[in-house]
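Numbered as in this note's numbering, the sequence shown ends at 228 without a single skipped number.
Ideal Cβ positions, reconstructed from N, Cα and C, are used throughout, including at glycine.
Because the structure is a prediction, the values reported are computed rather than measured.
This report refers to the structure that appears directly beneath it.
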Amino acid sequence: MAAPTSTVFTPDEALDLLFSPNLISLEVKSVLHPDVHIRPLASTDYRRGHLQVLSVLTSAPDPGEEAWRAHFNFLRDSGRTYYTIVIVDKASDRIVGLGTVFLERKFQRGISCVGHIEDIAVDERQQGKKLGLRIIQALTYISENSGAYKTILNCSDKNIPFYEKCGYEKKENEMIDRQTNFRTQSRRLEEMKKMDLDRKSACSFGPTAIVSVLWDRQWTGDPL
5 MAAPTSTVFT PDEALDLLFS PNLISLEVKS VLHPDVHIRP LASTDYRRGH
55 LQVLSVLTSA PDPGEEAWRA HFNFLRDSGR TYYTIVIVDK ASDRIVGLGT
105 VFLERKFQRG ISCVGHIEDI AVDERQQGKK LGLRIIQALT YISENSGAYK
155 TILNCSDKNI PFYEKCGYEK KENEMIDRQT NFRTQSRRLE EMKKMDLDRK
205 SACSFGPTAI VSVLWDRQWT GDPL
């Protein structure tokens with residue numbers, strides 16, 4: 005993975021962002037630790053350690069910067085669906101936390117949507133600053149203000165107390181197919197490296213999953 009090219013903090017207005025930073029809660033920004041900054045994912049965040057932080061959760065193989073940016077463009081072109089936020093350490097201009105909420109469009113509930121929170125990760129060296137809490141609050145705010153009638157996520161048993169503090173409660177179970185086709189995934193990575201791909205199929209990486217607890221936050225209109 006590429007090393008950082010600068011240690012000077014880059015302001016939002018100098019970046020090509022996934023979505024408008026105005027969608028992030030002002031309240032969350034106001035209580036964030038002063039050493040860090042929260043914003044949408046940027047097209048140059050490959051160089052700020054995006055994949056390294058993701059690897060805290062699971063395997064995050066490096067497809068190369070060109071393929072990474074192609075996938076970034078796919079997410080942005082999807083329009084009002086994918087919202088990935090990052091927390092950046094101001095001193096190093098490196099990513100130290102991140103998370104995503106994506107919106108599943110529904111016919112029910114008056115043609116509404118459900119927010120799915122995924123990939124919450126914080127650099128272990130940044131623990132104690134409540135960054136995980138701020139990420140969840142920011143993503144929940146985006147989901148609710150996008151019209152989601154509920155926001156859901158999966159977590160392990162050890163993380164149950166954390167998500168309870170974030171306002172989530174346990175509800176039902178989720179069963180997922182775990183038949184991952186690693187050869188298909190490897191071929192996809194090779195295609196992305198060569199940039200010979202159709203953006204409409206750029207996010208097909210094969211099914212993965214676990215049997216997990218489903219957590220639910222019903223929209224109440226309460227501020228975070």
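- Item | For P165, the first and last residue of its enclosing alpha helix (DSSP H) | 164 to 169
- Please classify L30: is it buried, with 16 or more other beta-carbons within 10 angstroms of its beta-carbon, or exposed? Classification of L30: exposed, given that the 10 Å Cβ count is below 16.
- Task: Classify L201 as helix, strand or coil using the three-state DSSP reduction.
- Result: Annotation note: pLDDT 49 at L201 (below 50); position unreliable, coordinate value reported separately. Three-state DSSP puts L201 in coil, outside helix and strand.
- Query: So, helix, strand or coil for D88, using DSSP?
  - Reply: A small correction: the amino acid at residue 88 is Thr; Asp does not occupy that position in the sequence shown. Strand, per DSSP.
- Task: Report yes if the CB atom of I89 is closer than 8 Å to the CB atom of I139, and no otherwise.
- Result: yes
- Since L21 sits in a beta bridge, which residues does DSSP pair it with? A46
- Query: Residues in its own chain within less than 8 Å of P25 by CB, not counting five upstream and five downstream?
  - Reply: D16, R43, P44
- Query: Helix, strand or coil for V12 per DSSP?
  - Reply: Here V12 sits in coil by DSSP.
- Item | Length of the line joining the Cα atoms of L61 and C117 | Straight through space, the alpha carbons of C117 and L61 are spaced by roughly 26 Å.
- Please list, in chain order, all residues of the same chain as E108 whose beta carbon is under 7 Å from its beta carbon, the five residues on each side excluded. C117, V118, H120
- DSSP on G101, reduced to helix/strand/coil? strand
- Message: Checking 8 Å against the spacing of the C-beta atoms, do V100 and V40 come in under that value?
- Response: yes
- Task: Please state whether DSSP places A230 in a helix, a strand or coil.
- Result: Nothing in the structure corresponds to residue 230, since the chain is present only between 5 and 228.
- What residues match up with L107 in a beta bridge as DSSP calls it? G119
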